[in-house]
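What follows is one structure encoded as structure tokens, with my remarks underneath.
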Amino acid sequence: MRAPNAFATAIVLSLLAAAVSAKAQVPLTEGIQIGLSTDNVSITAGFSGADLTIFGSLENPDPLVARQGRYDVIVVLEGPPKPVVVRRKDRVLGVWVNLDSETFENVPMSYSVATTRPLQDITEPNSYKQLSLGASNLYMQPADAGDSPATIEEFTAALRERKSATGLYSENVGGVQFLSQNLFRATVRLAPNVPVGTHKARAFLFKSGLFIKESSAQLEIRKSGFEQSIFRVAHNYSFLYGVFAISLAMLTGWLGRLIFRRD
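Taken in order, the sequence shown gives residues -24 to -1, 1 to 239; the numbers are from mature numbering (1 follows the signal peptide of the UniProt record, and there is no 0).
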């Protein structure tokens, strides 16, 4: 009775060995990871903008693909989403007044992009649309979906243009550099008026123009010092802050009148 058992054991071991061998021949899937040197950034009243460095690595990269430079990485730092109202001014009787407006929901307050190469050289435009990657591909959700598509498109373009003009939406071509076959460094720009709150860093890996994987991390941007105290009071005690601001303005005006009045 031992011979059949030995034969069965040999078959099982042979199958296990074949499975292990087959598994070893299957290439491992590439991945991407990013890390922040700090999870919060403090800014003061004198903050004039800065460059934020984000480090990352590729998991299981193909050495041949890496040597040929066919890996591309796009890193995005996306600000907290908030509703935004876009208004259009028209000239009426010689005076510029706000006539039409459009409200958009969950608009990223800032959006900084860093890339290995120009976006048009990395992948097809449809890929960016599917991933909502890039300022021009962000979906701006109107609060009133019943407005005409032409009106929504006009105000969407104006919103993107305004964000770019203020530096809140920016693109840094060549801002991602490979330090080795699997390590890279990304530099994204923080505008002087960068919003406070929780920002999301996202890294997208492309291989020969095909999207492979995404990784993300969070960054907290906050005010510090006296500005943080004012910011906290203004948000937590808005009514009292408003009363204080009005009273201070009235007192300043009264003192100015006393000082500069003519006898």
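C-beta atoms are modelled at their ideal positions from N, C-alpha and C, and glycine is treated no differently. This one's a predicted model, so the numbers in the text were calculated from it and none came from an experiment.
Going by the beta-carbon positions, is the gap between residue i and residue j smaller than 8 Å?
i, j, result
"V62", "L135", "yes"
"P39", "Q117", "no"
"D15", "L195", "yes"
"D48", "T92", "yes"
"N89", "G110", "In the sequence as displayed, the identity of residue 89 is Val instead of Asn. Yes, they are a contact pair."
"M85", "P171", "yes"
"V83", "V164", "no"
"S18", "S200", "yes"
"S184", "I8", "no"
"G22", "L166", "no"
"P94", "V149", "yes"
Is there a C-beta anywhere in chain C that falls below 8 Å from the one on residue i?
i, result
"T142", "Absence of chain C from the displayed structure is noted, only one protein chain being present."
Any heavy atom of the ligand MG closer than 7 Å to the CB of residue i?
i, result
"Y145", "Only the bare structure without any ligand can be found here, which leaves the ligand MG out of the picture."
List the residues that DSSP assigns as beta-bridge partners of residue i.
i, result
"S18", "R198"
"V164", "L28"
"A193", "A177"
"G11", "F31"
"F154", "F160"
"residue 242", "Shown here, the chain extends from -24 to 239; a query on residue 242 therefore has no answer."
"F182", "D48 and F187"
Assuming residue i contacts residue j under a Cβ cut-off of 8 Å, what Cβ separation, rounded to an integer in Å, is found between them?
i, j, result
"F187", "S103", "6 Å"
"A162", "G11", "The pair is not a contact, with the Cβ atoms about 11 Å apart (cut-off 8 Å)."
"T79", "A119", "4 Å"
"A177", "L53", "5 Å"
Any idea if residue i is buried or exposed, counting beta-carbon neighbours within 10 angstroms, 16 or more meaning buried?
i, result
"T29", "exposed"
"E81", "exposed"
"I197", "buried"
"A(-3)", "Low local confidence applies: a pLDDT of 47 at A(-3) is under 50, so the model's placement there is unreliable, with the coordinate-based value given in what follows. So A(-3) counts as exposed."
"E147", "buried"
"F202", "Low per-residue confidence applies at F202: pLDDT is 49, beneath 50, and the placement is therefore not dependable, though the value from the model is reported in the following sentence. F202 comes out exposed."
"M226", "exposed"
"A59", "Looking at the sequence provided, one finds Pro at residue 59 rather than Ala. Looking at its Cβ environment, which holds fewer than 16 other Cβ atoms inside 10 Å, P59 is exposed."
"A121", "exposed"
"K139", "buried"
"V152", "buried"
"residue 266", "Nothing about residue 266 can be reported from this structure: the residues present for the chain run from -24 to 239 only."
"Y87", "buried"
"P37", "buried"
"residue 242", "What is shown of the chain runs -24 to 239, which leaves residue 242 out entirely."
"L155", "exposed"
"A179", "buried"
"I222", "exposed"
"A(-1)", "Confidence at A(-1) is low in this model, with a pLDDT of 48, below 50, so the placement of that residue is unreliable and no value is reported for it."
"Q96", "exposed"
"L75", "exposed"
In chain order, which beta strand (DSSP E) runs of at least 3 residues are fully inside the stretch 34 to 113?
If one requires a minimum length of 3 residues, the beta strand (DSSP E) runs lying completely within the stretch 34 to 113 are 47 to 54, 57 to 68, 71 to 84 and 87 to 91, in chain order.
Scan the stretch 112 to 149 and note each continuous alpha helix (DSSP H) run of 4 residues or more that stays entirely inside, going in chain order.
Those alpha helix (DSSP H) runs which fall completely within the stretch 112 to 149 and span 4+ residues are 125 to 141.
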